[in-house]
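Step one of this worksheet: look at the structure below.
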Amino acid sequence: KDIQDFLEIYNVIAQQVCMVDRTGFVKTPYRYHIDQKIPTKPDQFTNPSFSDIAIARAKDILLHNKSVLVCWSGGIDSTSMLTAFIIAADGNTDRIKVVCNGNTIRENPKFYYNHIRDKLVTINSDNLVHFINDERHSIILAEGCDQLFGTDLYKKVQLWDNLESMYKPYSFENIGKFFMDCGMSEHSAKKWFSIMDDQIKEACPVEIVDFKDFLWWYNFCYKWQNVYYRLYYLGNSVALPLTREYLDKNYIQFYMTDDFQLWSMYNPDQKINKDWASYKFTAKQFIYDFDGDKEYLDNKVKVASLINLIRSRSTVCGLNTDLEFLGPDDDVEPYRVLNNSFK
19 KDIQDFLEIY NVIAQQVCMV DRTGFVKTPY RYHIDQKIPT KPDQFTNPSF
69 SDIAIARAKD ILLHNKSVLV CWSGGIDSTS MLTAFIIAAD GNTDRIKVVC
119 NGNTIRENPK FYYNHIRDKL VTINSDNLVH FINDERHSII LAEGCDQLFG
169 TDLYKKVQLW DNLESMYKPY SFENIGKFFM DCGMSEHSAK KWFSIMDDQI
219 KEACPVEIVD FKDFLWWYNF CYKWQNVYYR LYYLGNSVAL PLTREYLDKN
269 YIQFYMTDDF QLWSMYNPDQ KINKDWASYK FTAKQFIYDF DGDKEYLDNK
319 VKVASLINLI RSRSTVCGLN TDLEFLGPDD DVEPYRVLNN SFK
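Mapped onto the numbering used here, the consecutive letters of the sequence shown carry residue numbers 19 to 361.
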């Protein structure tokens, strides 16, 4: 019964998400290890802007004398990341290589023709696997940006009630109804809301006020670690024996830093305005300040762009703390937690 209640959340969220409560408060029916902890607000917190953090992050990565393989899907996250690298390089772009393909170019053709073609070296994304495990190259990914700004569940809410609930105080009345309308049973919806509500009250370091905040917190807290690892375990094409040292030094998630997380935690007004089209408006403004594309600023909306880079890749079922892949036939019983929050 505990597993059944736990699994009902996948009526709401994507089935490939491996939920990890980064506060450690929620005990799921399956054991997990937290290695992507939520940062603590420092005493001397200056609250720098998104653009300042992005450019400083790119400069820091470029300090290492390695080829920088920037994975560009054409979406908002990877375009703002690539923008930061171009600005930080200040004309010295020899070590910046853009990993892309025809799908990514089609999502953002103006940026490609104005800032990539004939200006930066490009690598077809199908060849990315050949650079993995080569310590001369750092692979730079844009994972984590969704978690900073909110969640694509906002679009689901817009289709559900035209975002009428988004700015109302979060409660079982609105969140529970959303859960149940997505397919959860009333029992499981109440169980999940109670667990998540208790976690917010006991372990969340920032104030969660409305439905919008509640969904951001889910993505920021529970999904963060999943997206850190998901490109790593794509399956047969990249299922190579990697080490923790390699991951720490050469597998770089651009947005997954304490500075970006603190920006997200303490700037709730800079993520989305009153509609889905405004989602990530701060990142879009950063891109606009660089390339002046008003059409992109006004009309670009979040879409699932990562698939542009990894289309046709198979996936594995899990990853353990020894960085070993788990397949569909592996025994999951050793990973069970009997005394969990869903009992």
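Cβ coordinates follow ideal geometry from the N, Cα and C atoms, glycine included.
* What does a CB cutoff of less than 7 Å around ALA295 pick up in its chain, not counting 5 residues either side in sequence? -> VAL319
* Contact check, PHE238 vs GLN165, beta carbons under 8 Å -> yes
* Return yes when the Cβ of ASN358 is within less than 8 Å of the Cβ of THR46, no when it is not. => yes
* **Residues near ALA160 in its chain [Cβ-Cβ closer than 6 Å; skip 5 each side]** => ASP95, SER96, MET99 and PHE272
* To do: Compare the C-alpha of ASN244 against each of GLN33, ASP20 and PHE24 and name the closest.
  => GLN33
* Which residue's Cα is closest to the Cα of VAL139: PHE308, THR300, TRP234 and VAL117? -> VAL117
* State the beta-bridge partners of CYS118 as determined by DSSP. => ASN142
* Cut-off 6 Å between Cβ atoms - residues of its own chain near ALA221, not counting five sequence neighbours on either side -> THR41 and PHE43
* Asked: Which residue comes first and which comes last in the beta strand (DSSP E) that contains VAL86?
  -> 85-89
* To do: Could you pull the start and end residues of the beta strand (DSSP E) that LEU159 belongs to?
  => 155-159
* To do: Grab the span of the alpha helix (DSSP H) containing ILE94 for me, first residue to last.
  => 94-107
* Asked: CB-CB under 8 Å to ASP23, same chain, minus the five flanking residues each way: which ones, in chain order?
  -> HIS205, SER206, LYS209, TRP210 and PHE360
* Check each candidate in LEU171, ASN268 and ASP276 and name the one with the smallest Cα separation from ASN151. => ASN268
* Which term fits ASN317, buried or exposed, when burial requires 16 or more other beta carbons within 10 angstroms of its beta carbon? -> exposed
* Under the rule that 16 or more other beta-carbon atoms within 10 Å means buried, what is LEU177, buried or exposed? -> exposed
* Count the other CB atoms within 10 Å of the CB of TYR236; is the residue buried (16 or more) or exposed (fewer)? -> buried
* To do: Check GLN279 in the structure and name its three-state DSSP category.
  => helix
* Asked: Residues bridged to ILE270 by DSSP?
  -> ILE158
* Nonlocal neighbours in the same chain, by C-beta distance under 6 Å from GLN288, ignoring five residues either side -> THR300
* For GLY93 versus GLU125, is the C-beta spacing smaller than 8 Å? -> yes
* Can the beta-carbon of HIS133 be found less than 8 Å from the beta-carbon of ILE104? -> yes
* Residues in its own chain within less than 8 Å of SER171 by CB, not counting five upstream and five downstream? -> Residue identity differs from the one stated: residue 171 is Leu in this sequence, not Ser. Within the same chain, LEU171 has close Cβ partners VAL30, ILE31, LEU233, TYR236 and ASN237.
* Helix, strand or coil at PRO187 [DSSP, three-state] -> strand
* Rank ASP136, TYR28, LYS115 and ILE21 by C-alpha distance to the C-alpha of LEU80 and give the top, closest one. => LYS115
* Is TYR50 helix, strand or coil by DSSP? -> coil
* To do: Go ahead and label VAL227 buried or exposed: buried means 16 or more other beta carbons lie within 10 angstroms of its beta carbon, across all protein chains shown.
  => exposed
* **Within the segment 173-233, ranges of the alpha helix (DSSP H) (whole runs, at least 4 residues)** => 195-199 and 204-221
* Alpha carbon to alpha carbon, how far is ALA72 from ASN119? Give it in angstroms, no decimals. => 24 Å
* According to DSSP, residues forming a beta bridge with ARG135 -> ARG135 is not bridged to any residue.
* Asked: Taking the C-alpha atoms as reference points, what is the distance between PHE68 and ILE270?
  -> 18 Å
* **Cβ-based neighbour list, PRO57, same chain, cut-off 7 Å, excluding 5 preceding and 5 following** => ASP276, GLN279 and LEU280
* **Supposed contact pair PHE229 and MET198 - C-beta distance, whole angstroms, cut 8 Å** => That belief does not hold up - the Cβ atoms of MET198 and PHE229 are roughly 15 Å apart, past 8 Å.
* To do: With CYS163 as the anchor, note down where its alpha helix (DSSP H) starts and where it stops.
  => 163-167
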